[in-house]
Amino acid sequence: MPTTPHGPRRRPAFSLIELLVAISIIALLIGLLLPSLGSARAVARNLQCANNLRTMGIATNIYADLFRGNFPARYTATPVRWPSLLENSFSADEVLICPDDPDLERYAPQDLEDADAQDRVERSYFINGFNDHFGSDWNNDGNAMPRRAVREPSATFLFGEVRDDDGDGNRHFYCDVLEGNAGNALSEVAHVRHFGPDSGGNAGTGSANYTRVDGSTKSIRYPAFQPVNEWAVTEDFREGFGG
Numbered sequence: 158m159p160t161t162p163h164g165p166r167r168r169p170a171f172s173l174i175e176l177l178v179a180i181s182i183i184a185l186l187i188g189l190l191l192p193s194l195g196s197a198r199a200v201a202r203n204l205q206c207a208n209n210l211r212t213m214g215i216a217t218n219i220y221a222d223l224f225r226g227n228f229p230a231r232y233t234a235t236p237v238r239w240p241s242l243l244e245n246s247f248s249a250d251e252v253l254i255c256p257d258d259p260d261l262e263r264y265a266p267q268d269l270e271d272a273d274a275q276d277r278v279e280r281s282y283f284i285n286g287f288n289d290h291f292g293s294d295w296n297n298d299g300n301a302m303p304r305r306a307v308r309e310p311s312a313t314f315l316f317g318e319v320r321d322d323d324g325d326g327n328r329h330f331y332c333d334v335l336e337g338n339a340g341n342a343l344s345e346v347a348h349v350r351h352f353g354p355d356s357g358g359n360a361g362t363g364s365a366n367y368t369r370v371d372g373s374t375k376s377i378r379y380p381a382f383q384p385v386n387e388w389a390v391t392e393d394f395r396e397g398f399g400g
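Residue numbers (the working numbering): 158 to 400.
1. What three-state label does DSSP hand E318 in the structure shown?
2. Are there three or more Cβ pairs, one per stretch, closer than 8 Å when the region 307-316 is compared with the region 381-400?
3. Can you tell me the Cα-Cα spacing of E309 and V390, whole angstroms?
4. Here's a check: name, in chain order, each residue in its chain whose Cβ is nearer than 7 Å to the Cβ of N394, leaving out the five neighbours to either side.
5. Decide if R350 is buried, meaning its Cβ has at least 16 other Cβ atoms within 10 Å, or exposed.
6. Can you have a look at V307 and say buried or exposed, based on whether 16 or more other CB atoms are within 10 angstroms of its CB?
7. Which residues in the same chain have their Cβ closer than 6 Å to the Cβ of F291, if we skip the five residues on either side of it in sequence?
8. Starting from N288, trace the alpha helix (DSSP H) both ways and give me its first and last residue.
9. For N366, which beta-bridge partners are listed by DSSP?
10. With 16 other CB atoms within 10 Å as the buried threshold, where does R238 fall?
11. Restricting to Cα atoms, I'd like to know which of Y282, L243 and A201 is closest to T368.
12. The alpha helix (DSSP H) spanning F352 covers which residue range?
13. Would A306 count as contacting chain D if we go by Cβ distances under 7 Å?
14. Going by DSSP, which residues form a beta bridge with N209?
15. When we look at the beta-carbon of N327 and count the other beta-carbons within 10 Å, is it buried (16 or more) or exposed?
16. Out of curiosity, what's the CA-to-CA distance linking A201 and L261?
17. In angstroms, rounded to a whole number, what distance separates the CA positions of G372 and R211?
18. What separation, rounded to the nearest whole angstrom, lies between the Cα atoms of L177 and L185?
19. Would you mind sorting D321 into buried or exposed? The rule is 16 or more other CB atoms within 10 Å of its CB.
20. What does the alpha-carbon distance come out to for the pair W388 and G340?
21. Compare the beta carbon distance of D276 and S241 with 7 Å and say whether it is the shorter of the two.
22. Which of the three DSSP states is assigned to P229 in this structure?
23. Quick check: A207 and F247, are their CB atoms within less than 7 Å of each other?
24. What is the rounded straight-line gap between the Cα of N245 and the Cα of Y220?
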């Protein structure tokens, strides 16, 4: 090391201006990286939701394999609904939760007094009620949708993301195209949950995830019922809610 008559040569310290420039560059880099990190986290949450729905689709088809080709019945004598009937087909209740679901803190599953314990777990999804297949008899106990009756399994929704419309915890278990003026596809589906400014709204720039009867999962932008209503199985209701 070079020396001076008075000892080792000292390196000059950073000036105040150099220090401020370095801090400014670091702050600029952080500002450039943060949006990318936020986008990456949004993509990861969307992928987790899609994986959850894919798991639910597999579980439901396994159930059908075990029960003569029928999907879970709407009600049983207990009564129980699909979360209880499918409980043994997936490993943890976390599969039922979308990481982008904003309503879980408000959802009060324990208020469902007539429900089986598993039906009271928090969930972000609901299943196709297939009520257009049954017609006026759709709400009778024990109705189970035969998988073979779905003529277009690659173009028919099995699960979708459900919204909590008023914050009272009254989330639907089934998407029913015969309920209300235009069906649950308009009123109860969380059309915008990912990548949009309004996580629980019915319009916007984002999308929601759906699993079809054949097990395929896709993120679709609103509206997810036009020009074909993939929640329906009968020809009339697939084309514009039977209108």
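Quick reminder that beta carbons are idealized off the backbone N, C-alpha and C, glycines included.
In brief:
1. strand
2. yes
3. 8 Å
4. The amino acid at residue 394 is misidentified as Asn; the sequence shows Phe. The residues are D289, V334 and N386.
5. buried
6. buried
7. N300
8. N288 to F291
9. S376
10. buried
11. Y282
12. Careful: F352 lies outside any alpha helix (DSSP H) and carries neither H nor E.
13. The structure shown contains no chain D; it holds only a single protein chain.
14. N209 pairs with nothing; no bridge assigned.
15. exposed
16. 19 Å
17. 6 Å
18. 12 Å
19. buried
20. 10 Å
21. yes
22. coil
23. no
24. 9 Å
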